[in-house]
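Visitor: Have a look at the structure that comes next, please.
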Amino acid sequence: DLALAAGVSSRHLSFLETGRSGASAAMVLGLATTLDVPLRQANAMLRAAGHPAAYPEPAPGDVLPASVRAAIELLKAHHEPFPVVVIDRTYRVLDVNAGAAALVGSLLPEGATAGGELNLARLTFDPAWGRAAIVNFDEVGRELLWRMQREVMAEPDHGPLRDLLDEVLATKTIDPDWRRADPTVASAPTVELQLRVADEIWSFTVLVTVLQAPLTVALDELRIETWYPNDEITTAGCHALAARGSVGG
104 DLALAAGVSS
114 RHLSFLETGR
124 SGASAAMVLG
134 LATTLDVPLR
144 QANAMLRAAG
154 HPAAYPEPAP
164 GDVLPASVRA
174 AIELLKAHHE
184 PFPVVVIDRT
194 YRVLDVNAGA
204 AALVGSLLPE
214 GATAGGELNL
224 ARLTFDPAWG
234 RAAIVNFDEV
244 GRELLWRMQR
254 EVMAEPDHGP
264 LRDLLDEVLA
274 TKTIDPDWRR
284 ADPTVASAPT
294 VELQLRVADE
304 IWSFTVLVTV
314 LQAPLTVALD
324 ELRIETWYPN
334 DEITTAGCHA
344 LAARGSVGG
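Position in the sequence shown (first residue = 1) + 103 = the working numbering.
Quick look at the structure:
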C-alpha cells in the first residue's frame, strides 16, 4: 500500500526497509510526505539516511515570516472581542489577541503570569486552576491528554513534548481512566469549552487550525485556536470585557 501511494515499486521499498538499498533525499521526502510525517521528523529521517535536513528548524529568538505574522494579526483583529490564542507544538502560548488576554487574565490566579510565559496544557491541568475554572473539565482534560498522547506517539523523539506529557501525567487532576489513549480515534478539530466567569458560565467552541503547506518546522508546529461563543451570555460577556479594557486603557 505504501509503495502504491508513494509511486515506487514494492521491491525497491523492500530493499530500503532491509537496508539493501540506500534512500536518496528525494525518496525520503517522498515517503515522509506520503506518510504525512511532521517536518521535524522528516528532517530526522533525512539525517538518518545520511542527508542534510530539508526544512529550517526554529532557533531561540526566531520570528515568524512577515506574511504569516500579518495574517495572524489580521485574524486576531477581526475576531475581537472573542479570543484567539497562538501556541506551538508544546502548547506554549506565543501570541493572543486582546479578547483572549482579557478573558484569561480575568481568570488566572494572581501571580500566574509572573514567569512571563503561559502553557495551555499546564494551565488546564493545574490543580489550583483547571477544575475551578473549567466547568466541563472531565471532557476537556481527557481530550487534551489524549491529543498529547497521540502527538507523542507520532513524534516519540520530540523531547520537550514528551517531557510535557510526563509532567501532565504526574498531576493530581488526571483521572486513571484517561491514561491510555485510543490511537485509532483521531483528535477532534473542535473542543467545547465551558468556563466559570464570576457567577456565569461562558461557553465556547474552540477551533484548532494549522497552516497549510508549511515550509519550516516552526510553521508546521504552529497551532491557532479561535474561540467562538455559543450563547448570548458568552457573547455579551466578551463584549463587556472588551469595553472595560478600552476604558481602562
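Backbone N, C-alpha and C define an ideal beta-carbon position, used for all residues, glycine too.
Since the structure is predicted, the reported quantities are computational estimates derived from the model, not experimental observations.
What separation, rounded to the nearest whole angstrom, lies between the Cα atoms of residue 247 and residue 224?
Guide: Counted from its first residue, the sequence shown places residue 247 at position 144. Counted from its first residue, the sequence shown places residue 224 at position 121. Cα-Cα distance, rounded: 8 angstroms.
Visitor: Can you name, in chain order, every residue of its own chain whose Cβ lies under 6 angstroms from the Cβ of residue 306, other than the five neighbours on each side?
Guide: The residue you call residue 306 lines up with position 203 of the sequence shown. Excluding residues within five positions, the ones whose Cβ falls inside 6 angstroms are 297, 333, 334 and 337.
Visitor: First and last residue of the beta strand (DSSP E) that includes residue 290?
Guide: Within the sequence shown, residue 290 is the residue found at index 187, counting from 1. Neither: residue 290 is in no beta strand (DSSP E) and is coded neither H nor E.
Visitor: Going by DSSP in three states, residue 263 sits in which element: helix, strand or coil?
Guide: If you number the sequence shown from 1, residue 263 lands on position 160. Residue 263: helix per DSSP, three-state reduction.
Visitor: What is the DSSP secondary structure of residue 198, reduced to helix, strand or coil?
Guide: As a position in the sequence shown, residue 198 is number 95, starting the count at 1. If DSSP states are grouped into helix, strand and coil, residue 198 belongs with the strands.
Visitor: Is residue 185 closer than 9 angstroms to residue 330 when the C-beta atoms are compared?
Guide: Locating residue 330 in the sequence shown gives position 227, where the first residue counts as 1. Locating residue 185 in the sequence shown gives position 82, where the first residue counts as 1. Against a cut-off of 9 angstroms, the Cβ pair of residue 185 and residue 330 comes out as a contact.
Visitor: Determine contact between the stretch 227-240 and the stretch 250-261, defined as no fewer than three beta-carbon pairs at a distance below 8 angstroms.
Guide: Not touching, per the Cβ criterion.
Visitor: Count the C-beta pairs between the stretch 149-165 and the stretch 316-328 that are closer than 8 angstroms, then say yes if the count reaches three, no if not.
Guide: Taking 8 angstroms as the limit for Cβ pairs, the verdict is that the stretch 316-328 does touch the stretch 149-165.
Visitor: Given 8 angstroms as the limit, is there contact between the stretch 265-273 and the stretch 140-158, that is, 3 or more CB pairs closer than that?
Guide: Touching, no.
Visitor: Do residue 326 and residue 140 have their CB atoms nearer than 9 angstroms?
Guide: Taking the sequence shown and counting its residues from 1, one reaches residue 326 at position 223. Taking the sequence shown and counting its residues from 1, one reaches residue 140 at position 37. Result no, Cβ atoms of residue 326 and residue 140 do not sit closer than 9 angstroms.
Visitor: Measuring straight from C-alpha to C-alpha, what distance separates residue 347 and residue 261?
Guide: The residue labelled residue 347 in the question sits at position 244 within the sequence shown. The residue labelled residue 261 in the question sits at position 158 within the sequence shown. Approximately 42 angstroms between the Cα atoms of the pair.
Visitor: Looking only at its own chain, which residues have a Cβ that is under 7 angstroms from the Cβ of residue 293, when we skip the five neighbours before and after it?
Guide: Numbered from 1 along the sequence shown, position 190 holds the residue referred to as residue 293. Counting only Cβ-Cβ distances below 7 angstroms, and skipping sequence neighbours, we find 308, 309 and 310.
Visitor: Residue 208: buried (16+ other C-beta within 10 angstroms of its C-beta) or exposed?
Guide: Taking the first residue of the sequence shown as position 1, residue 208 is located at position 105. The residue is exposed, with fewer than 16 neighbouring Cβ atoms inside 10 Å.
Visitor: Helix, strand or coil: which one does DSSP assign to residue 225?
Guide: Sequence index remark: in the sequence shown, residue 225 carries index 122 (1-based). If DSSP states are grouped into helix, strand and coil, residue 225 belongs with the helices.
Visitor: Within the continuous beta strand (DSSP E) that includes residue 123, where are the two ends?
Guide: Stepping through the sequence shown from its first residue, residue 123 is reached at position 20. Counting along the chain, residue 123 falls outside any beta strand (DSSP E), and DSSP gives it neither H nor E.
Visitor: Residue 107: buried (16+ other C-beta within 10 angstroms of its C-beta) or exposed?
Guide: Against the sequence shown, residue 107 aligns to sequence position 4. Exposed.
Visitor: In whole angstroms, what separates the C-alpha of residue 217 from that of residue 110?
Guide: The sequence position of residue 217 within the sequence shown is 114, counting from 1. The sequence position of residue 110 within the sequence shown is 7, counting from 1. Note that residue 217 scores a pLDDT of 48, beneath 50, so its modelled location is shaky; the value from the coordinates is reported in the next line. Distance between the alpha carbons of residue 217 and residue 110: 53 angstroms.
Visitor: Per DSSP, which residues does residue 330 bridge with? Please list them.
Guide: Reading the sequence shown from its first residue, position 227 is the one you call residue 330. DSSP, once it has assigned bridges, lists 309 as partnering residue 330.
Visitor: Throw me the rounded Cβ distance for the residue 146 and residue 157 pair, which I believe falls under 8 angstroms.
Guide: Position 43 of the sequence shown, counted from the first residue, corresponds to residue 146. Position 54 of the sequence shown, counted from the first residue, corresponds to residue 157. Going by Cβ atoms, the distance from residue 146 to residue 157 rounds to 7 angstroms, so yes, they are a contact pair.
Visitor: Under DSSP, the alpha helix (DSSP H) around residue 190 begins and ends at which residues?
Guide: The sequence position of residue 190 within the sequence shown is 87, counting from 1. Per DSSP, residue 190 belongs to no alpha helix (DSSP H); it is in the beta strand (DSSP E), 187-190.
Visitor: Whole angstroms are fine: how far does the CA of residue 130 sit from the CA of residue 117?
Guide: Counting from 1 along the sequence shown, the entry for residue 117 is found at position 14. Counting from 1 along the sequence shown, the entry for residue 130 is found at position 27. Answer to the nearest angstrom: the Cα atoms are 13 angstroms apart.
Visitor: CA-CA distance, residue 345 and residue 278?
Guide: One-based indexing of the sequence shown puts residue 345 at position 242. One-based indexing of the sequence shown puts residue 278 at position 175. In a straight line, the C-alpha of residue 345 is about 36 angstroms away from that of residue 278.
Visitor: Using only the heavy atoms of the ligand FAD, determine whether one of them is closer than 8 angstroms to the beta carbon of residue 122.
Guide: Absence of the ligand FAD from the depicted structure is noted, as is the absence of any ligand whatsoever, leaving it without description.
Visitor: Considering only DSSP beta bridges, list what residue 300 is partnered with.
Guide: Position 197 of the sequence shown, counted from the start, is the residue given in the question as residue 300. Beta-bridge pairing links residue 300 to 303.
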